[in-house]
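*Asks:* Residue numbers (this note's numbering), protein chains in the order written: chain L, 16 to 476; chain D, 16 to 476.
All residues carry an ideal CB built from backbone N, CA and C; glycine is no exception.
Model, not experiment: these values are computed from the prediction.
One structure, as structure tokens, below. Some questions next.
Below, the structure is given as structure tokens:
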């Protein structure tokens, strides 16, 4: 699932956290006039409310579908991707042409583009989801109460998920696969720039559903790409149960401010590595380089390196050498600069501490203590991912307990905060808000739990 | 915790579901001009934003407080309730006087009133919460990944909870106790009609916190009872993590429409008992009577009885006799009336199927099948609580699987959908929306889980 991580979807900025991540075209959603033609898969004359109501009816059926049938739909979709590859690439080529004509940025066009290799990677993702265990119907925590009642909780689908995403057409496959496997219906509101690609993919889903006797409305799109429908979607609170926006800061801000439906927020990743006093210099340098360099453009890449003052004189020169060799620009506080004489580094400014570079740039700060490191993280972090490199058990456990980010690591790269790496099998995104889910969201996070009670005639006294 | 259940807090109507529950004064929040004096515990000159920021700082400390210290605060509060009973009752008497002068309804005044017995019951609730296990720091699902990383999830507090409630001053104790025990700070925005009582209780919490070296801002109130502060609270999305409104339909509707912060919704309880073909008539009648009569004014009381046509001729006359003897008015469909010749019943109208009577009134319908019963529940139910009475294993399991309410029971009274009865120990409310929590919310539901990872220098390939 690695190929689907990061990218625009997960590099979003938190509302109120400042800086737009301008390299990602994340304002695209609002900076253009959206076309009126749009996606209209079988619903050209329907209203958004009707689309949502149809999804709700389909959700009631997909909720009860057994795993083998849901897997058959995913399998069928995989077959369509392979069997209709030319048509999909042709639809995508039309989007690319239109995008070029409209002057989309090279980065935006790259996200929009489908190639045989990219489609194959999407198909592999479908295969992965097919093989994941189905969370629906799982019973947890069954216990006998003193009055003899057996009480437990059963996982059930959330219902209807509204995905609102930007250029990347792969989301129309990846996200829908996870939603369906977890027994949900999904409404895919993709960006108008990927209109033809998305329409083809939504149509393919609907064919796959029909082929296996499931309602095609389990995957649908708004009546058109008209932006009005986004606002309407966010007010369908009786029909849609959850909104997952994947896009830039403005999109998430717009969705949060206008939604009557719960929204999963994917805020930015200002991730930290803290190198503790007494850490292994070699291990710490390897983790720092990996966290920054292995894939700098994704949300779980390190943006700030914090170094305990006692280890800084030994660690910083060694780490700086490796980082600079890997092409990283260092922006250091005064103490760090003092320890790197003759090394080409810049001075960090206050803005650097909350910057999400998504690039080969790293802020570096020397701290006098673990407490100061944690205070820095609390003040400037985004609640995404933080790692401590240490040999001291007590400080490792304090960091684990006291740092309240969605993923807290000891002696490992921040790059492991990823649904696949953490064992979820796949992910629909990373939540940096604490409600419902915190951190990577997989199949289980697309379900909820109801209480189930088995009695033998018990009544309440 | 039984004494705190039901009441106005849990009898709310779903937005868009029609009917106002007029007997509960649930429009009170909006139908009066709120006074300007209000609660101003130590924060008279502070803005709502400052109050929220202070709560956030306190939350960072209370999150790390160990169980014994949090329990000591609860114990101290219990002591204050006993030791300062006269002052509390005196403050409450002023609210009662003001309420009488303002012409509050008898029902509203009853909810507002504190008596020595009620305060004792509140104190017992504190004792219960004190004895519950602390969810904070609990590690779940620790597993070893193929690369040797140990990955699990640790429960952490949500942060700052905003409680918005109406007349009942007990909420200022019950809800705060649960929030604190789960490591959260709480902002208590009670109704202005309980201004003096709430101020006394918030002050008592703050004294208890101070007495045990914890920040008093872990329990606070808006700068005044001014309604503007409610709107401001709902926009403190950087400081407050969750809003829990407890009140009538209009309050919940207002909060949902205006909040930038996730909201737990407590919608109405239109609960069903379905008596299946072949059920034990005696057991079914006992469950039906208990579900309707044992406490008719609460959200988990049965409002509609569905009876399979095959058992109706035997069951209905027997059940009707018991229900009528208990003072229940029956509103029957035509088939049910036909089976009750000479029994004084009314005809049910379409409105009866979605009515939340909260009274000794019961809608009764004969259905031809289990499928029709489940369809009726899907169409008219509120997702709260449904029970099947049956001897048939297959139909019991179908009902358990297919009915998607927050609590689904087999052969037991709907009245068991209650945090205490289901084993949570206590509850802060019942969620009828599926995100974050579905059904009764206890301590665990006032926390979230972060990922924790223990490595030995792992980096990502």
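Which residues does DSSP pair with residue 473 (chain L) in a beta bridge?
*Replies:* In DSSP, residue 473 (chain L) forms a bridge with D:427.
*Asks:* From L:323, L:362, L:168, L:454, pick the residue whose C-alpha is nearest to that of residue 280 (chain L); which is it?
*Replies:* Ranking the options by Cα distance to residue 280 (chain L), first place goes to L:454.
*Asks:* Taking the runs of the beta strand (DSSP E) that are 3 residues or longer, which of them lie wholly in the segment 286–324 of chain L?
*Replies:* Here the runs fully enclosed are 286–290, 317–323.
*Asks:* Against chain D, with Cβ distances strictly below 9 Å, would residue 171 (chain L) count as a contact?
*Replies:* At least one chain D Cβ lies under 9 Å of residue 171 (chain L).
*Asks:* Excluding sequence positions up to five away, which residues of its chain have a Cβ less than 7 Å from the Cβ of residue 142 (chain D)?
*Replies:* Cβ within range, chain order: 93.
*Asks:* Assign residue 115 (chain D) to one of two classes, buried (16 or more other C-beta atoms within 10 Å of its C-beta) or exposed (fewer than that).
*Replies:* By the 10 Å Cβ count, residue 115 (chain D) comes out exposed.
*Asks:* Taking Cβ to Cβ, would you say residue 63 (chain L) is nearer than 9 Å to residue 248 (chain L)?
*Replies:* Yes, the pair counts as a contact, with Cβ atoms nearer than the cut-off.
*Asks:* For a test of the three-state rule: what should DSSP assign to residue 362 (chain D), helix, strand or coil?
*Replies:* Note: residue 362 (chain D) maps to strand in three-state DSSP.
*Asks:* Could you tell me which of D:421, D:415, D:450, D:459 sits nearest to residue 470 (chain L), measuring between CA atoms?
*Replies:* Checking every option, the nearest Cα to that of residue 470 (chain L) belongs to D:415.
*Asks:* Relative to the alpha-carbon of residue 161 (chain D), which residue among L:302, L:438, L:250 has its alpha-carbon at the smallest distance?
*Replies:* Out of L:302, L:438, L:250, L:438 has the C-alpha closest to the C-alpha of residue 161 (chain D).
*Asks:* Would you decide whether residue 150 (chain L) is buried or exposed? Buried here means 16 or more other CB atoms lie within 10 Å of its CB.
*Replies:* The residue in question, residue 150 (chain L), is buried, as its Cβ has 16 or more Cβ neighbours within 10 Å.
*Asks:* Just checking, does the segment 423–433 of chain D make contact with the segment 301–315 of chain D on the three C-beta pairs under 8 Å criterion?
*Replies:* The segment 423–433 of chain D vs the segment 301–315 of chain D: in contact.
*Asks:* Which first and last residues belong to the alpha helix (DSSP H) in which residue 215 (chain L) is found?
*Replies:* Note, residue 215 (chain L): alpha helix (DSSP H), 210–226.
*Asks:* What's the C-alpha gap between residue 475 (chain L) and residue 184 (chain D)?
*Replies:* Rounded to the nearest angstrom, the two C-alpha atoms are 27 Å apart.
*Asks:* Once you ignore the five residues that flank residue 479 (chain L) on each side, which residues in its own chain have a CB closer than 6 Å to its CB?
*Replies:* Beyond the ends of chain L as shown, which are 16 and 476, falls residue 479 (chain L); an answer cannot be given.
*Asks:* What does residue 298 (chain D) touch in chain L if you count any residue whose Cβ is under 8 Å from its own?
*Replies:* The contacting residues are 472.
*Asks:* According to DSSP, is residue 154 (chain D) helix, strand or coil?
*Replies:* It is a strand residue.
*Asks:* What did DSSP end up calling residue 251 (chain D) once you bin it into helix, strand or coil?
*Replies:* Coil.
*Asks:* Going by DSSP, which residues form a beta bridge with residue 176 (chain D)?
*Replies:* Residue 176 (chain D) is bridged to D:201, D:257.
*Asks:* Quick one: is residue 449 (chain L) near chain A, going by C-beta distance under 9 Å?
*Replies:* Absence of chain A from the displayed structure is noted, the protein chains being L and D.
*Asks:* Looking at the strands, I want to know which residues DSSP matches up with residue 169 (chain L).
*Replies:* Looking at the DSSP assignment, residue 169 (chain L) forms a beta bridge with L:154, L:465.
*Asks:* I believe residue 193 (chain L) touches residue 458 (chain L) by the beta-carbon criterion, under 8 Å. Please report the beta-carbon distance rounded to the nearest angstrom.
*Replies:* The Cβ separation is near 6 Å, so the contact holds.
*Asks:* Quick test of your reading: residue 189 (chain D) and residue 140 (chain D), contact by CB under 8 Å. State the CB separation rounded to the nearest angstrom.
*Replies:* 5 Å between Cβ atoms; contact.
*Asks:* Taking only the alpha-carbon atoms, compute the straight-line gap between residue 228 (chain L) and residue 220 (chain D) and give it to the nearest angstrom.
*Replies:* Approximately 59 Å, taken between the alpha carbons.
*Asks:* Report the residue from L:170, L:146, L:145 whose alpha carbon sits nearest the alpha carbon of residue 157 (chain L).
*Replies:* Per the Cα distances, L:170.
*Asks:* Could you tell me the distance, in whole angstroms, from the CA atom of residue 464 (chain D) to the CA atom of residue 276 (chain D)?
*Replies:* Residue 464 (chain D) and residue 276 (chain D): Cα-Cα distance of roughly 19 Å.
*Asks:* Considering only C-alpha positions, which residue in the set D:186, D:196, D:197, D:211 is nearest to residue 203 (chain D)?
*Replies:* Nearest C-alpha to residue 203 (chain D): D:186.
*Asks:* Is it true that the segment 281–297 of chain L meets the segment 391–408 of chain L, where meeting means three or more beta-carbon pairs spaced less than 8 Å apart?
*Replies:* The answer is yes - the segment 391–408 of chain L touches the segment 281–297 of chain L, with three or more Cβ pairs under 8 Å.
*Asks:* Would you mind reading off the limits of the beta strand (DSSP E) that contains residue 402 (chain L)?
*Replies:* Residue 402 (chain L) -> beta strand (DSSP E) spans 400–404.
*Asks:* Taking any Cβ of chain L, which residues in the segment 420–442 of chain D have a Cβ under 8 Å from it, in chain order?
*Replies:* Within the segment 420–442 of chain D, the residues whose Cβ lies closer than 8 Å to some Cβ of chain L are 420, 421, 422, 423, 424, 425, 426, 427, 428, 430, 431, 432, 436, 437, 438, listed in chain order.
*Asks:* What does the alpha-carbon distance come out to for the pair residue 283 (chain D) and residue 335 (chain D)?
*Replies:* About 25 Å.
*Asks:* For residue 392 (chain L), which residues does DSSP report across the bridge?
*Replies:* DSSP lists no partner for residue 392 (chain L).
*Asks:* For chain D, is any of its Cβ atoms less than 9 Å away from the one on residue 256 (chain L)?
*Replies:* Closer than 9 Å to some Cβ of chain D, the Cβ of residue 256 (chain L) qualifies, so yes.
*Asks:* Please determine, among D:327, D:195, D:297, D:106, the residue with the shortest C-alpha to C-alpha distance to residue 75 (chain D).
*Replies:* The residue with the shortest Cα to Cα distance from residue 75 (chain D) is D:195.
*Asks:* Kindly list, in the order they appear in chain L, the residues whose Cβ is closer than 8 Å to that of residue 9 (chain D).
*Replies:* Summary: the structure shown does not reach residue 9 (chain D), with chain D confined to residues 16 through 476, and so no result is reported for it.
*Asks:* Using beta-carbon positions only, say whether residue 233 (chain L) and residue 200 (chain L) come within less than 9 Å of one another.
*Replies:* Contact: yes.
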